[in-house]
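Residue numbers (this note's numbering): 272 to 357.
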């Protein structure tokens, strides 16, 4: 592999990891949204003001936020590292 140096390979790996993480996060959020949309009981549990249920809803959204930010960070870092080593 004379045409790719170590920095470019690292950048590609980070970019790929970020894209995989974003894809996985998107699938998980779509599945949760589908479950909530199809099941009225689950929908009202998410809306209910009971602290335990609201905490569960916040934890789910926080988990999605962390996964999304990690995926975007990895992908952006990988792209920057790749293009810095051209």
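Glycine is no exception: its CB is placed at the ideal position from the N, C-alpha and C atoms.
For clarity, every value in this text was computed on a predicted model and none was experimentally measured.
### Query
Span of the alpha helix (DSSP H) holding residue 286?
In the chain shown, counting from the first residue as 1, residue 286 sits at position 15. Note, residue 286: alpha helix (DSSP H), 277 to 309.
### Query
Where residue 287 and residue 305 are concerned, what is the direct C-alpha to C-alpha distance, given to the nearest angstrom?
Taking the chain shown and counting its residues from 1, one reaches residue 287 at position 16. Taking the chain shown and counting its residues from 1, one reaches residue 305 at position 34. The straight-line gap from Cα to Cα measures roughly 27 Å.
### Rounded separation between residue 283 and residue 311 - CA only
Taking the chain shown and counting its residues from 1, one reaches residue 283 at position 12. Taking the chain shown and counting its residues from 1, one reaches residue 311 at position 40. Their backbone Cα atoms lie some 43 Å apart in a straight line.
### Query
Taking all protein chains shown into account, do 16 or more other C-beta atoms lie within 10 angstroms of the C-beta of residue 292, making it buried, or fewer, making it exposed?
Translated into positions along the chain shown, residue 292 becomes position 21. Sixteen is the threshold: when 16 or more other Cβ atoms of the shown chains lie within 10 Å of the Cβ of residue 292, as they do, the residue is buried.
### Task
Determine, using beta carbons only, whether residue 342 and residue 278 come nearer to each other than 8 Å.
On the chain shown, residue 342 is found 71 positions in, with the first residue counted as 1. On the chain shown, residue 278 is found 7 positions in, with the first residue counted as 1. No, they are not a contact pair.
### Message
Quick check: what's the CA-CA separation for residue 354 versus residue 339?
### Response
Here the question's residue 354 lines up with position 83 in the chain shown. Here the question's residue 339 lines up with position 68 in the chain shown. For residue 354 and residue 339, the distance between alpha carbons rounds to 23 Å.
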